[in-house]
Structures are given as structure tokens and as C-alpha cells.
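Peer 1: Numbering follows my numbering, with no gaps: position 268 of the sequence shown is 290. Yeah, the Cβ is synthetic: ideal placement off N, Cα and C, and Gly gets one too. All values derive from a computational prediction rather than experimental measurement.
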Amino acid sequence: MFSSGSAFKYATAHPPARPPAHSLRTHAQAAAQLTDCIYNHRRETSMRLPFRPPTRASRIYIAYMPPMSSVPGRACTIHITKGIGRSASGVGALKEAPPPPPLAQAQCSVFPFPLSVATMADDKTQKKVPSVPESLLKRRKAFALMKAKRIKRLLAAKKLNREKRKLIYKRAESYHKEYTQMYKREIRFSRMARKVNNFYVPAEPRLAFVIRIRGINGVGPKVRKVLQLLRLRQIFNGVFVKLNKASINMLRIAEPYIAWGYPNLKSTRELIYKRGFGKIKHQRIALTDNALIEKQLKKYGIICVEDLIHEIYTVGKNFKAANNFLWPFKLSSPRGGMNKKTTHFVEGGDAGNREDQINRMIRKMN
23 MFSSGSAFKY
33 ATAHPPARPP
43 AHSLRTHAQA
53 AAQLTDCIYN
63 HRRETSMRLP
73 FRPPTRASRI
83 YIAYMPPMSS
93 VPGRACTIHI
103 TKGIGRSASG
113 VGALKEAPPP
123 PPLAQAQCSV
133 FPFPLSVATM
143 ADDKTQKKVP
153 SVPESLLKRR
163 KAFALMKAKR
173 IKRLLAAKKL
183 NREKRKLIYK
193 RAESYHKEYT
203 QMYKREIRFS
213 RMARKVNNFY
223 VPAEPRLAFV
233 IRIRGINGVG
243 PKVRKVLQLL
253 RLRQIFNGVF
263 VKLNKASINM
273 LRIAEPYIAW
283 GYPNLKSTRE
293 LIYKRGFGKI
303 KHQRIALTDN
313 ALIEKQLKKY
323 GIICVEDLIH
333 EIYTVGKNFK
343 AANNFLWPFK
353 LSSPRGGMNK
363 KTTHFVEGGD
373 AGNREDQINR
383 MIRKMN
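Here is the structure:
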């Protein structure tokens, strides 16, 4: 069955050698008569078509080639609409009919020579244009695919973080037990020595915290170089230092310009949690997430802040990497002021080694 708006193209075959009697008629009249012969199928005409015209409106292209060589060939376009037939314009009542063959022969009294009837697909029978542009559909599809991948990635990351939190909690718990055992062991050794009227001498501390207390005025080149090596470039900057023979000699050279001592666990934890910044791509980044630490120190087995504190406080095998990751601490001026910066601590001043009393100074400046 033809779809709505289907069209037919009627092309004439080779005309006879001698012109017929009706060749003097105008082309419009000939086209109108031809249309009446084709579409008014209720009448008895000399033209017999193997099909009936469709019911909807169609555009019919009729190529009329008069046999006279002096008259050029012209084409007449006739609109066929469903409704009341008008023979003058070639419009007749249409009925639904089965589809015609691709090529058929017809005979008409107006045109005694045979006519070739060929079908031609209409524009409406072509692929229907979608209401939404194809580019927009592609963008929607790509966006939906990206969204699905992002959701899948977030769910996987969420599951991984949940498992990682359990691991971090277990590590923090083990560190707490280790710190407790260290503290109890020192107390036990001290009590055992006191029972036998002896003295317990604890092991030499391996960790120091150094604070610069003086500016740049009157600093010699050797002292300036030592302060640069210690990363103490500004006043009230603080760093952790691993104590060995070389570092102790450096501290003695710069002793008039620094205050240092042996920090405890509480001071170490408070410094890192409150004023801890990491060196990430040569930038000072606050340690607000364990992911920052894990990204930089995962290869050393350090994935969280507690791992970093444990590595610094116990001076582990990866102390150098962990300490270099930490940006020098920028401390505030001590509450209550300082006594005398140019005098050693043992003489009532602030400079030099103050051993455990560095923790009091950290409390004032943190």
C-alpha cells in the first residue's frame, strides 16, 4: 500500500511518426484530460491501469511529449487531493488501492500512443528526521557513560577507603600499645635500679626539635650555612633533627641562634596535627587528608598521620624521607615573651640545649 504523499512519474514512450488529430490542443487541456482518464476510474475510459490511485494527496509529474517537432516538450504538474473531483483541474475522487507495479503500460484516447508509468519514492517515504538532533543524542550518551564510570569509580574508592580506615585504626592501636610499653619499661627500669640503691641512666635521645630564636642581624657565614642546612631560614621556625655526631656538631656551631631539646610524644603529635604542612611538588600543603601523605610516602609504608608521627618519634629507618616531607614548622611568638635570647639557657637565657624543657617552649609557641 502506498504511503501518504507518494508520487508517480508518468513518462511518455516514443510517439508515432505521424501526429494525431489532438496534437493541436494545448498542453494544459491534454494534461487535464489525461488526469481525468487516470483518476476518474469509475468511468469507462480507453485507458486501463493495473492499479488505483492512493487516497491521500499526491503530486503527479506528467511528461507530455507532443509528436510535432515544432512544439517543445513541456511538463505539467497537477495536484491530486482527496475530495470532490474537478475535471477542469484534473482532480477526482480517490480511493485506496493496492500498490502498483514499478512499471506499467497504459493507453488513453487523448494519447493513442502507449504511456510508461513509473513510480518514484516521495520525500516523506525517506528516513524520518528525529525530533532531537543526533549530536545532542551523542552528547547525552557520552555523558551517561561518563557518569556511570564515575559512579563506579566512586563506589570502588569508597570501598577501598573503608578498608583503609580499618587498617589505619589497627596501626594506630598498635602504636598506642608500643608507646605504652616504652613508657612502662622506663618506669620499671627506674624502679628496679632504685630498689638496689642504683641509678637508672636512660638511653641517649635520638630526636631533637630545633627552634630558631634570632634573626639575620650579625650572623656569620658559617652559622648562616648551618641554619640553611637545618632549614631554619626564618625566626621561630622549627624542625625535627636526628641526633648523631654530625648533627650535634652543627647544633653547637649555631647554638647562639637556636633553642633545642628533646621533644616527647605529646609535643610531636601536637606539632604535626596542628602545624603540620607537607612539601608536595615544592609547595606548602596543609596535611588535611591521609591521602596526601599516602601519595607521597606510600613507598615507605607511611599512609596516615599516625604512621608519620611514629616514624618521626621513634626515628625509624625512613626518618629522613618523612622529615623532608614535613615543611619547617612556623611557630608563633612564645606567650609571655622570652627571657634573653643572647644568653644560654643554663645562664638564665633562651639559647642552647634545654633538654626536656623544650616541651614547655613548644606549648607556648604552638
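Using the Cβ count rule (16 or more neighbours within 10 Å means buried), how would you classify Gly300?
Peer 2: Under this definition Gly300 is a buried residue.
Peer 1: I'd like to know whether the C-beta atoms of Arg253 and Val261 end up nearer to each other than 7 Å.
Peer 2: Yes; because the gap between Cβ atoms is below 7 Å, this pair is in contact.
Peer 1: Flag this pair as yes or no: are the beta carbons of Asp372 and Lys363 separated by less than 7 Å?
Peer 2: Result yes, Cβ atoms of Asp372 and Lys363 sit closer than 7 Å.
Peer 1: DSSP three-state label for Phe165, please.
Peer 2: Helix at Phe165.
Peer 1: On the three-pair Cβ rule with 8 Å, is the segment 266-278 touching the segment 310-325?
Peer 2: Verdict: no, contact absent.
Peer 1: Can you tell me whether Val218 is helix, strand or coil according to DSSP?
Peer 2: Val218: coil per DSSP, three-state reduction.
Peer 1: Let me know if Tyr222 comes out buried or exposed under the rule of 16 or more other beta-carbons within 10 Å of its beta-carbon.
Peer 2: Per the 10 Å Cβ criterion, exposed.
Peer 1: Just reading off the alpha helix (DSSP H) that Leu273 is part of, what are its end residues?
Peer 2: Per DSSP, Leu273 belongs to the alpha helix (DSSP H) from 267-275.
Peer 1: What is the residue span of the beta strand (DSSP E) that Leu309 lies within?
Peer 2: Taken as a continuous stretch (DSSP letters only), Leu309 belongs to no beta strand (DSSP E), as it is neither H nor E.
Peer 1: What does DSSP give as the partner residues of Asn375 in its beta bridges?
Peer 2: Beta-bridge pairing links Asn375 to Trp282.
Peer 1: So, Ala234 versus Asn259, is the Cβ gap smaller than 7 Å?
Peer 2: As written in the sequence, residue 234 is Arg, which differs from the Ala given in the question. Against a cut-off of 7 Å, the Cβ pair of Asn259 and Arg234 comes out as a contact.
Peer 1: Could you pull the DSSP bridge partners for Val261 from this structure?
Peer 2: BP columns for Val261 point to Val232.
Peer 1: So the candidates are Gln305, Leu287, Ala166; which of them puts its Cα closest to the Cα of Pro227?
Peer 2: With distances taken between Cα atoms, Pro227 lies closest to Leu287.
Peer 1: For Lys352, name the three-state secondary structure that DSSP assigns.
Peer 2: DSSP places Lys352 in strand when its eight states are reduced to three.
Peer 1: Taking the straight line between their C-alpha atoms, what separation do you get for Asp378 and Val245?
Peer 2: About 25 Å.
Peer 1: Alpha helix (DSSP H) containing Lys150: first to last residue?
Peer 2: Counting along the chain, Lys150 falls outside any alpha helix (DSSP H), and DSSP gives it neither H nor E.
Peer 1: What is the DSSP secondary structure of Ile325, counted as helix, strand or coil?
Peer 2: In the structure shown, Ile325 sits in coil (DSSP, three-state: anything other than H, G, I, E or B).
Peer 1: From Arg207 to Ile238, what does the alpha carbon distance come to, in whole angstroms?
Peer 2: For Arg207 and Ile238, the distance between alpha carbons rounds to 44 Å.
Peer 1: Which two residues bound the contiguous alpha helix (DSSP H) that contains Ile380?
Peer 2: Looking at the DSSP string, the run of the alpha helix (DSSP H) that includes Ile380 is 380-387.
Peer 1: If distances are taken between C-alpha atoms only, which option among Ala281, Ala178, Lys247 comes closest to Phe367?
Peer 2: Ranking the options by Cα distance to Phe367, first place goes to Ala281.
Peer 1: Return helix, strand or coil for Ile238, following the three-state DSSP convention.
Peer 2: In the structure shown, Ile238 sits in coil (DSSP, three-state: anything other than H, G, I, E or B).
Peer 1: Return the CA-CA distance between Arg162 and Val154, expressed in angstroms with no decimal places.
Peer 2: Each residue's Cα considered, the two are about 11 Å apart.
Peer 1: Phe165 and Lys264 - do their beta-carbons sit closer together than 7 Å?
Peer 2: No, the Cβ-Cβ distance between Lys264 and Phe165 is not below 7 Å.
Peer 1: Can you tell me whether Asn375 is buried or exposed? The criterion is at least 16 other CB atoms within 10 Å of its CB, across all chains shown.
Peer 2: It is buried - the Cβ of Asn375 has at least 16 other Cβ atoms within 10 Å.
Peer 1: Tell me whether Glu369 is buried or exposed, calling it buried when 16 or more other Cβ atoms sit within 10 Å of its Cβ.
Peer 2: Exposed, by the Cβ-count rule.
Peer 1: In angstroms with no decimal places, state the Cα-to-Cα distance between Lys303 and Thr336.
Peer 2: In a straight line, the C-alpha of Lys303 is about 27 Å away from that of Thr336.
Peer 1: Short check: CB of Ala344 to CB of Leu330, under 7 Å?
Peer 2: Yes, these two residues count as a Cβ contact at 7 Å.
Peer 1: Are Val248 and Ala276 closer than 7 Å when you measure CB to CB?
Peer 2: Going by C-beta atoms, Val248 is nearer than 7 Å to Ala276.
Peer 1: Measuring CB to CB, does Ile384 end up less than 7 Å from Ser289?
Peer 2: Yes.
Peer 1: Can you grab the Cα-Cα spacing for the pair Ile209 / Lys339, in whole Å?
Peer 2: Each residue's alpha carbon lies about 26 Å from the other.
Peer 1: Where does Gly283 land, buried or exposed, given buried means 16+ other C-beta within 10 angstroms?
Peer 2: Classification of Gly283: buried, given that the 10 Å Cβ count is 16 or more.
Peer 1: For my contact list, Asn312 and Ile190 are in at a C-beta cut-off of 8 Å; report their separation, rounded to the angstrom.
Peer 2: With a Cβ gap of about 7 Å, Asn312 and Ile190 count as contacting.
Peer 1: Report the partner residues of Phe341 according to the DSSP bridge assignment.
Peer 2: Answer by DSSP bridge pairing: none, since Phe341 is not bridged.
Peer 1: If you check the beta carbons only, do Pro285 and Phe231 fall under 7 Å apart?
Peer 2: In contact: Pro285 and Phe231 (Cβ atoms closer than 7 Å).
Peer 1: DSSP state of Lys363, grouped into three classes?
Peer 2: Looking at Lys363 - three-state DSSP - the assignment turns out to be coil, as it is neither helix nor strand.
Peer 1: If you follow the alpha helix (DSSP H) that Lys288 is part of, which residue opens it and which one closes it?
Peer 2: Element bounds for Lys288: 287-297.
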